[in-house]
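Trainee: Residue numbering for the sequence shown follows our numbering, beginning at 30 and increasing consecutively. All C-beta atoms in this analysis are idealised placements derived from N, C-alpha and C, irrespective of residue type, glycine included.
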Amino acid sequence: MTVVGCSGSIPGPDSPCSSYLLEQDGFRLLLEAGTGSAGPLLRYTDPGALDAVFISHRHGDHADDLFTIGYHKGRFHPGTPPIPVYGPDNLRIWQHDADAELRRVPDALATTAIGPFSVRIAPVRHIEDTWALRVDDRLCYTADTEPCAELDELAAGCEVVLAEAAGFDADPQKRHLSAGDAGRLATSAGARLLVITHLRPWHDPAALLTEAAAFARCPVVAAAPGLRLAL
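1. Please state whether DSSP places Y115 in a helix, a strand or coil.
2. Just how far apart, CA to CA, sit Q202 and T216?
3. Answer with buried or exposed for I156, where buried requires no fewer than 16 other C-beta atoms within 10 angstroms of its C-beta.
4. Check whether the Cβ atoms of L228 and A245 lie closer than 8 Å to each other.
5. Hey, out of A218, P42, Y49 and G77, whose CA is closest to P111's CA?
6. Do you know whose CA, among A243, W231, C247 and T174, lies nearest E188's CA?
7. Would P117 and D54 qualify as a contact pair, given that the criterion is a beta-carbon distance under 8 Å?
8. Name the DSSP beta bridge partners of A12, please?
9. Which of the three DSSP states, helix, strand or coil, is assigned to Y73?
10. Less than 8 Å between the beta carbons of C46 and G65, yes or no?
11. Can you tell me which of the three DSSP states G99 falls into?
12. Give me the Cα-Cα distance between P261 and F56, rounded to the nearest whole angstrom.
13. Per DSSP, what kind of secondary structure is P42 in: helix, strand or coil?
Have a look at this one:
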């Protein structure tokens, strides 16, 4: 997994919004295409040659750069099959609709194959229809959500938890996880590593790390553009 962007709500001075590239056996699955992420994605892969995209919900900090990816595909890969985009039914995909094929997310907690990845999703509690995602037993991505039983069930037994840390326990954000929530989730899941993400530019990442680590029984790292993890 390569972190392309990890800023929450708006791009920050050092990071675009959420975007994470998963690669296995030559297959490239992009989780999220948040504001400003398509440009930095060029450092790691050809955006128009992605094999699949998963979007958790239609907020701009998770989906804005779908248009740019679609433009890149239409410009440099004309006539090739459309990129499958997995997401909620209300997701508005890029205008180059010939270059994308919106596919309904699989039924909650049912397992589906996206290339070499065995994927499960669960509805979580955010403002929009939002889906958290699990890849095999290796990665659970929370998307944006408040704590909920659906997320606890999805994350249980997963090795790496990629969790938003949108604020602090002392200043809870409606429909979002705090850094403390992220640490507690990693502990309940039995994770070996917690990666906090969706880091808002006005928060101190070191303070978020400190709060998450106070509740996690595993190492905790903060996402940053270019961070690579072997899952």
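Mentor: Straight from the coordinates:
1. strand
2. 21 Å
3. exposed
4. no
5. G77
6. C247
7. no
8. With the chain covering only 30 through 260, there is no way to say anything about residue 12.
9. coil
10. yes
11. helix
12. Because the chain in this structure spans residues 30 to 260, residue 261 falls outside the shown range and cannot be described.
13. coil
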